[in-house]
Amino acid sequence: MGVMISFETFLHNLQEVKAAMAAACERCGREAATVTLLPVTKTHPAEILDYVKRAGFVRAGENRVQEAVEKAQAKPGMAIELIGHLQTNKVKPAVNYCVRIQSVDSIRLAEKINQAAEVCGKVMPILLQINAGYDPAKFGADVDDADALLECCLKQKQLRVEGLMTIAPLSDDADVAVRTFNNLREIRDRLSMRFSVALPELSMGMSGDMDAAIAAGSTMIRVGTALFGSRE
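What the sequence shown shows, in numbering that gives the first Met the number 0, is residues 0 to 231, in sequence order.
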């Protein structure tokens with residue numbers, strides 16, 4: 000687990016991240032309120048969620064199902080979104096303990112989530128993870144498979160598709176992130192028009208590439224290290 004920083008340090012970090020987000024919004028003519036910050040607490044102890052809650056957040060992001068479950072159990076007042084890759088054999092706990100799954104990247108996974116949600120009597124909010132940067136090192140549905148994935152999810156009675164998510168490839172070239180995020184927005188716009196469905200959430204961008212993400216239309220920035228410090 001990561002080392003716990005002080006609450007004061009966290010608040011300082013949070014102020015800097017929010018200022019950076021606000022500046023990015025101002026540069027592209029967006030209202031700061033149109034972009035949400037999702038604190039990502041992976042590898043940090045559950046107690047870090049007390050900081051998050053005290054700062055006014057109601058949600059946090061987790062990459063691993065086991066860690067999401069442990070934190071949801073330890074801190075039931077905080078809603079957990081799963082943002083990491085989800086294996087089909089871990090769908091049940093993810094559905095039981097997470098308020099949204101951002102990483103739905105295949106028809107098989109979508110069907111498994113639908114089945115698990117039906118068993119526990121809930122409608123599961125999801126985002127479709129699309130590999131908009133064509134990065135072989137990243138999870139996410141291929142761009143060419145996005146239409147079929149959305150079509151499948153819209154047929155699942157226990158799923159509610161709220162938008163799309165992507166992760167930009169690691170690159171020293173800033174234009175790579177720009178292209179990735181613009182591509183996801185264009186995919187969203189096309190899918191929304193083709194299927195006549197609102198897909199309002201665009202979860203894209205982290206501390207290192209939030210400018211490009213916000214300029215491209217991101218509605219959610221996912222930030223971990225910049226808020227909580229480095230991990231082991």
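Just so you know, even glycine gets a beta-carbon here, dropped at the ideal spot from N, CA and C.
CA-to-CA distance, residue j to residue i, given in whole angstroms
| i | j | result |
| --- | --- | --- |
| Ala93 | Arg26 | 37 Å |
| Asp171 | Asp208 | 11 Å |
| Glu206 | Ile220 | Inspection of the sequence shows that residue 206 is occupied by Ser rather than by Glu. Roughly 8 Å separates the two Cα atoms. |
| Gly223 | His43 | 10 Å |
| Ser191 | Asn181 | 15 Å |
| Ala22 | Val51 | 22 Å |
| Arg187 | Val103 | 15 Å |
| Pro199 | Asp174 | 24 Å |
| Ala197 | Leu149 | 12 Å |
| Gly216 | Glu185 | 10 Å |
| Gln101 | Gly83 | 8 Å |
| Ile112 | His11 | 38 Å |
| Phe9 | Ala45 | 15 Å |
| Gly204 | Leu36 | 10 Å |
| Phe138 | Ile166 | 8 Å |
| Arg193 | Thr218 | 21 Å |
| Leu85 | Gly28 | 35 Å |
| Glu117 | Asn95 | 11 Å |
| Ile4 | Val142 | 39 Å |
Within 8 Å, strictly: CB atoms of residue i and residue j
| i | j | result |
| --- | --- | --- |
| Arg99 | Val122 | no |
| Ala140 | Ile125 | no |
| Leu201 | Leu226 | no |
| Ala67 | Leu48 | no |
| Cys24 | Val16 | no |
| Leu168 | Asp134 | Rather than Leu, the amino acid found at residue 168 in this sequence is Pro. Against a cut-off of 8 Å, the Cβ pair of Asp134 and Pro168 comes out as a contact. |
| Thr179 | Ala136 | no |
Burial state of residue i (16 or more Cβ within 10 Å)
| i | result |
| --- | --- |
| Cys97 | buried |
| Gly55 | exposed |
| Thr87 | exposed |
| Cys119 | exposed |
| Ser195 | exposed |
| Gln14 | exposed |
| Arg189 | exposed |
| Met64 | Contrary to the premise, residue 64 reads as Val rather than Met in this sequence. Buried, since its Cβ has 16 or more Cβ neighbours within 10 Å. |
| Ala147 | exposed |
| Lys156 | exposed |
Cβ shell of residue i (< 8 Å), same chain only, five flanking positions each side left out
| i | result |
| --- | --- |
| Cys151 | Ile106, Ala109, Glu110 |
| Val177 | Ala211, Ala214, Ala215 |
| Lys41 | Gly60, Glu61, Asn62, Arg63, Glu66, Gly83, Gly223, Arg230 |
| Glu161 | Arg99, Pro124, Ile125, Leu126, Leu198, Pro199, Glu200 |
Neighbourhood of residue i by C-beta, 7 Å cutoff - its chain only, sequence neighbours within 5 removed
| i | result |
| --- | --- |
| Ala19 | Met209 |
| Ala31 | Met20, Ala21, Cys24 |
Whole-Å CB distance - residue i paired with residue j, under 8 Å assumed
| i | j | result |
| --- | --- | --- |
| Ile79 | Lys70 | 6 Å |
| Pro75 | Gly60 | No, Pro75 and Gly60 are not in contact; Cβ-Cβ is about 17 Å, not under 8 Å. |
| Lys91 | Ala115 | 5 Å |
| Leu127 | Leu163 | 5 Å |
| Arg58 | Phe6 | Contact flag wrong, Cβ pair sits at about 19 Å. |
Closer than 7 Å: residue i CB and nearest the ligand HEM heavy atom
| i | result |
| --- | --- |
| Asn95 | Among the components of this structure there are no ligands whatsoever, and the ligand HEM is therefore not found. |
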